[in-house]
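All the letters of the sequence shown, read from the start, carry residue numbers 116 to 308 under the numbering used here.
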Amino acid sequence: MKTKEALRQHYRQLRQQLPDEELQQLSRQLCRQFFSHIPLEQVHTLHSYLPMSSQREPDPLPILDRLRREYPHIRLVVSRTRWKEREMEHVYLEQGLELQENKWGIPEPVGGAVCPVEKIDAVLVPLLAFDRLGHRLGYGAGFYDRFLAGCAPHALSVGLSLFPPLEEPIPGIFPTDITLTHCLTPQEVFKFV
């Protein structure tokens with residue numbers, strides 16, 4: 116069984132090997148999966164990560180653009196990282212909100228109205244890999260696990276993955292690791308609750 120770090124390295128390499136056009140196509144397929152399979156009737160506030168281009172993450176922007184057009188009642192939220200506190204602050208993604216890459220290459224809002232975490236009822240979660248139990252392999256800092264732990268118990272946590280699930284469980288899962296409610300791949304949808 117591979118270690119978490121070996122798995123991270125493996126999936127980072129797989130991402131780097133994807134041509135730009137294929138990455139864009141996979142992101143569009145994830146968008147179709149999202150709107151076909153995620154129940155949005157009860158969603159009022161959706162948080163999304165913003166993609167780090169250097170990490171070649173799935174791009175959630177097609178999802179956010181369609182939500183703005185077809186579900187204007189859903190408020191969109193993004194985060195900025197408070198590194199000293201090891202937590203994220205959540206900001207409404209309003210028209211004209213300025214975004215700026217931080218020193219790690221993460222686009223973050225400059226200013227903006229803060230959204231209380233308990234108001235967030237759906238989250239698009241970045242990940243490198245996931246398993247069939249709903250555990251995700253992130254980048255290892257624990258920011259999303261701490262964030263998801265503060266969300267309402269009914270909140271949806273939807274992972275976006277470019278690749279199928281691991282066949283083996285992710286090693287070294289801790290009680291503080293939050294299980295996803297759903298994970299989307301370009302080909303399949305996995306529901307864990």
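By construction, the Cβ of each residue, glycine as well, lies at the ideal position given by its N, Cα and C atoms.
- Remark: C-beta atoms of Q148 and V308 do not approach each other more closely than 8 Å.
- Here G249 is buried. Its C-beta has 16 or more other C-beta atoms within 10 Å.
- Rounded to the nearest whole angstrom, the C-alpha separation of R261 and V232 is 11 Å.
- Taken through DSSP and simplified to helix, strand or coil, R127 comes out as helix.
- When the beta-carbon positions are compared, L242 and G253 come within less than 8 Å of each other.
- The beta carbon of R181 is closer than 7 Å to those of C146, F150 in its chain, skipping five residues each way along the sequence.
- Taking the Cβ atoms as the reference, G227 lies roughly 18 Å from L239, outside the contact range of under 8 Å.
- In the DSSP annotation of this structure, the continuous segment of the alpha helix (DSSP H) that includes E185 starts and ends at 176–185.
- In this structure the segment 154–171 touches the segment 187–201; the number of beta carbon pairs closer than 8 Å is three or more.
- Residue environment analysis places S168 among the exposed positions, since fewer than 16 neighbouring C-beta atoms fall within 10 angstroms of its C-beta.
- Contiguous beta strand (DSSP E) elements confined to the segment 221–260 occur at 222–225, 237–240, taking only those with 3 or more residues.
- The beta strand (DSSP E) runs of length 3 or more contained entirely in the segment 142–171 are, from start to end of the chain, 160–163.
- Annotated as distal: L141 and L295, with beta-carbon spacing of 8 Å or more.
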